Amino acid sequence: MIRLGVVGYGGRIHYVVNDAIRGLAPDARVVGVVDPDEAGVRKRLGDCDKQDAVFYKSLDEMVRQAKLDALLIGTRCNLHAVYGAQAAKYDLPLYLEKPIAVSMEQAIALEKAFENSRCQVVVSFPLRVSPLAELARKYIARGEIGQPIHVHAFNFVNYGTVYWEQAYRDYSITGGLFLQKATHDLDYLAYLMGKPIVRVAAMLTRGKVYGGDKPAGLICSKCDEQDTCIESPRNRKRNGSGGNGHPDKPCVFSVDSGLPGNPTVSANEDCSSVVMEFEGGAHGVYSQVFFTRRDAGARGAIVSGYQGTVSFDWAQDQFRYVRHHAPFTATEKVGQVGSHAGGDQELAFDFLGVIRGKNKSRTPIQTGLASVYACLAARESAETGQFVPVRQVGASLLAAAAR
Ligand SMILES: NC(=O)c1ccc[n+]([C@@H]2O[C@H](COP(=O)([O-])OP(=O)(O)OC[C@H]3O[C@@H](n4cnc5c(N)ncnc54)[C@H](O)[C@@H]3O)[C@@H](O)[C@H]2O)c1
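So this is what it looks like as structure tokens:
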């Protein structure tokens, strides 16, 4: 039996434990939980965990008493770094949700906590370890496109309303959508290019689509515009435009989500873009758009070198390799791989491997920090209109990652 302790047993970590980890290790059990919402967690826990799970007041108490094999941190964004820094003290494998920090202060404190730590971390970056990204990286690493010189990455999110109608609408928890969303993309892009991001220029647009002047706390079932509003559950259902159909859904045009015409208010952005320079001089662009729907959904990258181009789109499950100087183009289709393009299962595989001492994490703490530093630089650039250098993970942690 693998004994798991969880801090913040919400919807995401329930999926990670119950489906991804237990899909590969049926004997994994949640034996300890730190979460203020005991009643909610008890409802969510898998049937096989309901009996054994003990609730603790603190991470320290859980580690001392629960005889854990591993830890998972699945709180909302603003607490990942706080609990992560505490977990660095223990010699227990750690599954850490992204973004692993939401401010520079948090990120630096987390980096410091890991400087002399033996705690091995699997940062929850499913895209980097997904079969499609791994295939693209293999082509690039084999030199099939020559040196990668340019990347064009895109993320047309067709479920983006979640950032205005779920807890993510609270900017003080998420810190905006570079940290919330682009943390995945800037991570896998650095992996594909084989180099860290060293400098960014970014731009964002907010208040053009979501946010508005509807009253705070407004929910659809209490609104008299349900027939005409294209975001009402009934119209979304008619139009096939997404959402969970709940009649009590919070209004995406309310003041809770930011004010229109006031670009200074801290609110999630409708769309944002980053121009990035990689160490060694290659560069790329990445855009994320949160108001697209239905078949407009797309997420992937086009990486070019002088010899060729590789491209993929997780929404199409498809990879393409074009040789620039020979008359060949190859296409590969991905089979059935599961959630997050198969990445969640790969993360579970890595985490179990670390627990059993059989393999290393492909997403160690250094990857989470590097991505947070790039996202914070993007946020700063979007606010100041300046190019911003990206803080780099310190030498001692990089050396630890290379071992
Ligand atoms: N890696 C991915 O692809 C991916 C996908 C979805 C969500 N996420 C991330 O997962 C995180 C959790 O998202 P979620 O949808 O599961 O949220 P959630 O609200 O369902 O879960 C958060 C849990 O943390 C608990 N909590 C609150 N305060 C706490 C505290 N002080 N100490 C311990 N626990 C506390 C809550 O009671 C809740 O059970 C978010 O940061 C989100 O960005 C990552």
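Numbering (the numbering used here), first residue to last: 374 to 776.
C-beta: ideal position from N, C-alpha, C; glycine also.
Quick caveat: nothing in here was measured; it's all calculated off a predicted structure.
Pairing V582 with F701 gives a Cβ-Cβ distance that is not under 8 Å. The nearest non-hydrogen atom of ligand 1 is less than 7 Å from the C-beta of R449. Under the three-pair Cβ rule at 8 Å, the stretch 544 to 562 counts as touching the stretch 736 to 746. Within the same chain, A482, L483, A486 come within 6 Å of A458 by CB-CB distance, once the 5 residues on both sides are set aside. Here the stretch 375 to 382 makes contact with the stretch 401 to 409; the two share three or more CB pairs at distances below 8 Å.
Within the same chain, V502, D723 come within 6 Å of R735 by CB-CB distance, once the 5 residues on both sides are set aside. Relative to the Cα of A526, the nearest Cα in the group Y468, Q539, C644, A674 belongs to A674. Within the same chain, G378, G405, V407, Y429 come within 6 Å of M435 by CB-CB distance, once the 5 residues on both sides are set aside. Residue A671 holds the alpha-carbon nearest to the alpha-carbon of D686 among A699, A671, C596. I386 is not a Cβ neighbour of A721, given a cutoff of 8 Å. Rounded to the nearest angstrom, the gap between the Cα atoms of G585 and V573 is 30 Å. By a beta-carbon distance limit of 8 Å, R696 contacts G681. Their separation comes to about 5 Å.
DSSP places A775 in the uninterrupted alpha helix (DSSP H) bounded by 768 to 775. Here K587 is bridged, per DSSP, to S627. In the three-state scheme derived from DSSP, where H, G and I count as helix and E and B as strand, A526 is classed as strand. Per DSSP, the unbroken beta strand (DSSP E) holding Y694 starts and ends at 691 to 696.
Using a C-beta cut-off of 8 Å, the stretch 648 to 659 makes no contact with the stretch 611 to 620, since fewer than three inter-stretch Cβ pairs fall below that distance. Closest in alpha carbon position to F651, among L445, P569, K587, is P569. Below 8 Å, too few C-beta pairs join the stretch 533 to 542 and the stretch 745 to 752 to call them touching: fewer than three.
Three or more beta-carbon pairs separated by less than 8 Å link the stretch 587 to 596 to the stretch 619 to 627, which places the two stretches in contact. Just so you know, the alpha carbons of D717 and A398 end up roughly 14 Å apart. The straight-line gap separating the alpha-carbon atoms of I522 and A443 is approximately 40 Å. Per DSSP, Q438 is one residue of the alpha helix (DSSP H) stretching across 432 to 438. Around the beta carbon of V530, 16 or more other beta carbons sit within 10 angstroms, so the residue counts as buried.
In the DSSP assignment, G741 falls within the unbroken alpha helix (DSSP H) covering 738 to 757.
By a beta-carbon distance limit of 8 Å, S645 contacts Q661. Their separation comes to about 6 Å. I728 has its Cβ no nearer than 7 Å to any heavy atom of ligand 1. Ranked by Cα distance from V766, the options I728, A699, N641, V571 are led by V571.
Contact annotation: L508 and Y561 have beta-carbon atoms that are not nearer than 8 Å. Between R491 and L565, the beta carbon gap of about 30 Å keeps them out of contact (Cβ cut-off 8 Å). Ligand 1 approaches R385 closely enough that one of its heavy atoms is under 7 Å from the residue's Cβ. Counting other Cβ atoms within 10 Å of its Cβ, A514 stays below 16 and is therefore classed as exposed.
Note on geometry: alpha-carbon atoms of V647 and A575 lie some 4 Å from one another.
The beta carbon of Q479 is closer than 7 Å to those of A454 in its chain, skipping five residues each way along the sequence. Secondary structure of A426 (DSSP, three-state): coil.
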